[in-house]
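Peer 1:
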Amino acid sequence: MSWISEDDIKAIRQQADIVDVMSRYITLEKKGKDYKAICPFHDDHDPSLSISTDKQIFKCFVCGTGGNVFTFVQKIENISFLEAVCKVAELIHYPLHMDKSQFQLKVDQNQPLYDCVQSYIRFLTYELQSENGESVKRYLSQRKINEDIIKRFEIGYAPESSRSVKYLKAKGFNEQILTDTGLIRTHDLDTYAVFDNRLMIPIHDENGNPVGFTARRLNEDKDVAKYINTSETKIYHKGNLIFNYHRAKAFAKKNKRCILVEGAMDVIAFEKADIHESIACLGTACTKEQITLLKRLNVPLVVCYDGDRAGKAATYKFGKLAVDYGLNFSIVKNTTGKDPDEIFNELGKDELYLSVHKTVSFVEFLFDYLPNQYDLDNYEDKKKFTSEMQSFIERTCTDFEKADYYSRIRDLTGFDLSHQSANIPAPKKESRNNAAVVRNIEPLKNGRTLAEHGVLWMILNSKLAADQFKDQIGFFQDPVCEELSLYCYDMYRNMDHIDFDVLMSYIEKEDVRNLLVSLMENAFHVDGYNEDFFNDSLMKIKECTLQAQIDNLNDQIKSVQDPMLKISLASKKQELIIQRNEILHRKEG
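For the sequence shown, this note's numbering assigns the number 592 to the last residue and increments by one with no breaks.
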């Protein structure tokens, strides 16, 4: 890390407000002088991530993740620590001068697969411009897809199978890579390309790596699927991908909104209208991984699914999930029954532009959608309708909205909920979410672990404590504590104090870094080095060590048959008991 000085790291960290930086990625809520947020690193629904403005650190009290401004950017961007330092420096306009060629970039084991897909993209775009692709170009022209969009989205044409297979093999890609990318299949010793005579639109992951394709048929043969996507592969996981995410995220932040549509052609429809912040989940039911990507944009989401029956059903399913995950979204009120591409082609650019400004809340959408799903002339259905509406009103609406909505429910059903709001219990989370939380709860610490944490806190505050612990005990039983102590000893070789910024920059393992953050929160309420606290913690560790030795001797005494050996073991045990009792009496005194 010599090419980024410790002084620069410290200066950047001191000048960067963790609240300002984190708010670019997630929504923060002020609580007193500190902030809370929905944790982006686990399946979170209630704000469990805390940000300390004084200490400039964050900590999730469910999954345990914590760190400073650098480690937050490193984790949420999935980049190296040094890249995170550079990113933060850029955000705060800090004049960091360095040779970026010295980055030790991680080798991505999937790079050969990305290279293969990218090579195939080049072949498809070439085929589109060839004589074979003339009919496809005419089709694109009829759909009002211009050359600029074709180039931007790298749209191409997949010719008949043998041409694709011949090209890929001529490029030197072996059959294993071609199979792993989902570009070819083998059946009865016959190798063939998956995509044959189709319009090809590449799909990328969140970082812009090409991972697969969505492909449209070029005729109206009802026996052939209109669209097919790449099958699940090592790099293509449908539930983890959002089409156009890597291009749209910058426009979303700039325009302070993101438009969610159903398919790739709908995204391209908005591109035709010079609207560049649209994305699509490629027809799959939205997953937790996709929700996480949407939350990272940290902008309001505008849901613009098709206006037909299926589109409204998809909007309903997405809305329920989005409420569970705390997404900020509204819904386009599409009364045309058309999808975005049809709106552009039939009604024009201006109509599509205006359509995404005509939005309603999820509750407003439900007032239109749910009466068609329930029979409001049936008493039981009226109760179910009322219960569902009540749940979403309480979870998403302000007080003045609630009054209006409950009045409308009374008109529709006769049920008066106007005085129920304050008494409605919070909805139970689904068991899958509870399970996720239970798995992440940190286990209760035993007496020795607490004492080791206390000693570590003193070591972090004093070189004297580090020297005394090495002389009197020498090691930590907890491996994470032991690893953090080694970082401290190493820093004390060159400094007479611990610089928390520099120490955090050295630590690579997340569990060690999370322990440091927990200690920095100072749960012991001991500021600086305190001799009494340090000695008490040392004695507790010694007491626990002696007790463990006594327990071990008890086990040996039970298992041995030799009377003389039993006597010898009992004598050793008695010596240890005396030593332990001396420590206990000293603590009581």
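Positions of the beta carbon are idealized from the N, C-alpha and C atoms, including for glycine.
The structure displayed is predicted, hence computed values, not measured ones.
Could you give the first and the last residue of the continuous beta strand (DSSP E) run that contains E32?
Peer 2: Segment L31 to K34, the beta strand (DSSP E) holding E32.
Peer 1: Quick check on T128: buried or exposed, where buried means 16 or more other Cβ atoms within 10 Å of its Cβ?
Peer 2: Counting Cβ neighbours within 10 Å, T128 comes out buried, since at least 16 surround it.
Peer 1: According to the Cβ coordinates, are I41 and I29 closer than 8 Å?
Peer 2: Yes. Within cutoff.
Peer 1: Among E280, A406 and C261, whose alpha-carbon lies nearest the alpha-carbon of P303?
Peer 2: The option with the nearest alpha carbon to P303 is C261.
Peer 1: Going by other Cβ atoms of all chains shown within 10 Å of its Cβ, with 16 needed for buried, is F503 buried or exposed?
Peer 2: The residue in question, F503, is buried, as its Cβ has 16 or more Cβ neighbours within 10 Å.
Peer 1: Note the first and the last residue of the continuous alpha helix (DSSP H) segment covering P303.
Peer 2: Unbroken run through P303: none, as it is neither H nor E.
Peer 1: DSSP three-state label for C119, please.
Peer 2: The answer is helix: DSSP assigns C119 an H, G or I state.
Peer 1: Distance check for R516 and I510, CA to CA, integer angstroms please.
Peer 2: For I510 and R516, the distance between alpha carbons rounds to 6 Å.
Peer 1: Can you tell me where the alpha helix (DSSP H) with G322 in it begins and where it stops?
Peer 2: Segment R312 to D327, the alpha helix (DSSP H) holding G322.
Peer 1: Secondary structure at I21, three-state DSSP: helix, strand or coil?
Peer 2: Three-state result, I21: helix.
Peer 1: Just curious, the alpha helix (DSSP H) that M542 is in, first and last residue?
Peer 2: Here the alpha helix (DSSP H) through M542 covers E534 to S562.
Peer 1: With a 10 Å radius around its C-beta and 16 neighbouring C-beta atoms as the bar for buried, classify I427 as buried or exposed.
Peer 2: Per-residue confidence for I427 stands at a pLDDT of 48, beneath the threshold of 50, marking its modelled position as unreliable; the derived number appears in the next sentence. With fewer than 16 other Cβ atoms within 10 Å, it is exposed.
Peer 1: Taking all protein chains shown into account, decide if L357 is buried (16 or more other Cβ within 10 angstroms of its Cβ) or exposed.
Peer 2: Exposed.
Peer 1: Could you check whether the stretch 557-575 touches the stretch 486-493, counting it as contact only if at least three pairs of C-beta atoms, one from each stretch, sit closer than 8 Å?
Peer 2: Flag = no, the stretch 557-575 and the stretch 486-493 do not touch.
Peer 1: Can you list, in chain order, the residues of its chain with a C-beta nearer than 6 Å to that of L181? Leave out the 5 residues immediately preceding and following it.
Peer 2: Correct list, in chain order: L171 and I187.
Peer 1: Who pairs with S281 in a beta bridge, going by DSSP?
Peer 2: Beta-bridge pairing links S281 to I262.
Peer 1: Please say whether F347 and K291 have beta carbons closer to each other than 8 Å?
Peer 2: No, the Cβ-Cβ distance between K291 and F347 is not below 8 Å.
Peer 1: The alpha helix (DSSP H) spanning L3 covers which residue range?
Peer 2: A query on residue 3 cannot be resolved here, the shown segment of the chain reaching from 4 to 592 and no further.
Peer 1: How far does the alpha helix (DSSP H) with C63 in it extend, from its first residue to its last?
Peer 2: It is not in any alpha helix (DSSP H) - C63 instead sits in the beta strand (DSSP E) that spans I60 to C63.
Peer 1: For Y230, write down the residues that DSSP places opposite it in a beta bridge.
Peer 2: DSSP, once it has assigned bridges, lists R219 as partnering Y230.
Peer 1: Does I334 come out as helix, strand or coil in the three-state DSSP assignment?
Peer 2: I334: strand per DSSP, three-state reduction.
Peer 1: Looking at C-alpha atoms only, which residue of M542, H45, T318 and E130 is the closest neighbour of L373?
Peer 2: Among M542, H45, T318 and E130, the Cα nearest to that of L373 belongs to T318.
Peer 1: Kindly indicate the opening and closing residues of the alpha helix (DSSP H) around H456.
Peer 2: From DSSP, the alpha helix (DSSP H) with H456 extends over G450 to N464.
Peer 1: In the DSSP assignment, the beta strand (DSSP E) including M203 goes from what residue to what residue?
Peer 2: R201 to H207 is the span of the beta strand (DSSP E), which, as asked, contains M203.
Peer 1: Taking the Cβ atom as the reference point for each residue, do F44 and K90 lie within a distance shorter than 8 Å?
Peer 2: Going by C-beta atoms, F44 is not nearer than 8 Å to K90.
Peer 1: For R155, name the three-state secondary structure that DSSP assigns.
Peer 2: Correct three-state label for R155: helix.
Peer 1: Count the other CB atoms within 10 Å of the CB of I581; is the residue buried (16 or more) or exposed (fewer)?
Peer 2: I581 should be labelled exposed.
Peer 1: How long is the line joining the alpha carbons of D342 and Y308, rounded to whole angstroms?
Peer 2: Cα to Cα, the separation comes out at about 7 Å.
Peer 1: Out of L330, C289 and V139, which one is the CA nearest neighbour of V305?
Peer 2: Among L330, C289 and V139, the Cα nearest to that of V305 is on L330.
Peer 1: Thinking D610 and E223 are a contact (beta carbons under 8 Å), I'd like their distance in whole angstroms, please.
Peer 2: Past the boundaries of the shown model lies residue 610; the chain is included only from 4 to 592, so the question cannot be answered.
Peer 1: Do the CB positions of V366 and I396 come within less than 8 Å of each other?
Peer 2: Closer than 8 Å, so yes.
Peer 1: Who are the Cβ neighbours of F479 in its own chain at under 7 Å, not counting the five residues just before and after it?
Peer 2: Closer than 7 Å at Cβ, skipping near neighbours: E455, E485 and S488.
Peer 1: Relative to the C-alpha of E349, which residue among L131, K147 and V120 is closest?
Peer 2: Per the Cα distances, K147.
Peer 1: Using only CA atoms, which one of Q471, G35 and E513 lies nearest to T538?
Peer 2: One point to set straight first is that residue 538 is Asn, not Thr, in the sequence displayed. Comparing Cα positions, the closest option is Q471.
Peer 1: On the DSSP bridge assignment, give the partners of P213 in chain order.
Peer 2: Answer is H207, bridged to P213.
Peer 1: Would you kindly report the start and end of the unbroken beta strand (DSSP E) that includes K599?
Peer 2: This structure cannot speak to residue 599, because the chain is shown only from 4 to 592.
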